[in-house]
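Mapping to the working numbering: the sequence shown position 15 is 205, numbers consecutive.
Here's the structure we're looking at; comments come further down.
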Amino acid sequence: LFLDSQHRVLSCDDLFFGTLDGAAVYPREVAVRALQRGAAAVIFAHNHPSGVAEPSAADRRITERLCAALSLLDIRVLDHIIIGRGQSYSFAESGLL
Numbered sequence: 191l192f193l194d195s196q197h198r199v200l201s202c203d204d205l206f207f208g209t210l211d212g213a214a215v216y217p218r219e220v221a222v223r224a225l226q227r228g229a230a231a232v233i234f235a236h237n238h239p240s241g242v243a244e245p246s247a248a249d250r251r252i253t254e255r256l257c258a259a260l261s262l263l264d265i266r267v268l269d270h271i272i273i274g275r276g277q278s279y280s281f282a283e284s285g286l287l
């Protein structure tokens, strides 16, 4: 989700698609899209086909990379939500942002 400075939704875009066990995510492409949308903040979300909503080491790494890249552009990452089977995980609620 790309949000304005008052956290109103500007756009909801699907940026990357993966396989059963992973997806390639490119911070540069996220930054370009955020700038195109005029976003002041973002919320990321993705699913885990396994059904387990706990973040993997790769999820933690890409979240850190996205936060670092977007912070250089003064774009806040408000949350990264992982959807599993009947459950979800919020990086913000878990204190990881």
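Beta carbons are placed, not taken as given, at the ideal position from N, Cα and C, and that holds for glycine.
Owing to the predicted nature of the structure, the values given are computational and were not obtained by experimental measurement.
key: Pair within 8 Å by beta-carbon distance, G274 and H238   = yes
task = Under 7 Å Cβ to Cβ from L200, same chain only, skipping five residues before and after it: list those, please.
result = F192, L193, D194, R227, G228, A229
ask   = Comparing alpha-carbon positions, which option in A224, F234, V220 lies nearest Y279?
value = F234
request  = Compute the Euclidean distance between the alpha carbons of T253 and H270, then round it to the nearest angstrom.
outcome  = 7 Å
task = Can you tell me which of the three DSSP states L289 falls into?
result = Because the chain spans 191 through 287 in this model, residue 289 falls outside it and cannot be assessed.
query = Going straight from the alpha carbon of A258 to that of P217, what length do you get?
reply = 9 Å
task = From the DSSP output, in three-state form, read off D269 for me.
result = strand
task = Apply the 10 Å Cβ neighbour rule to V215 and answer buried if 16 or more other Cβ atoms are within range, or exposed otherwise.
result = buried
ask   = What residues in its chain sit with their C-beta under 8 Å from that of L287, if we drop five residues either side in the sequence?
value = T253, C257, V267, L268, D269, H270, F281
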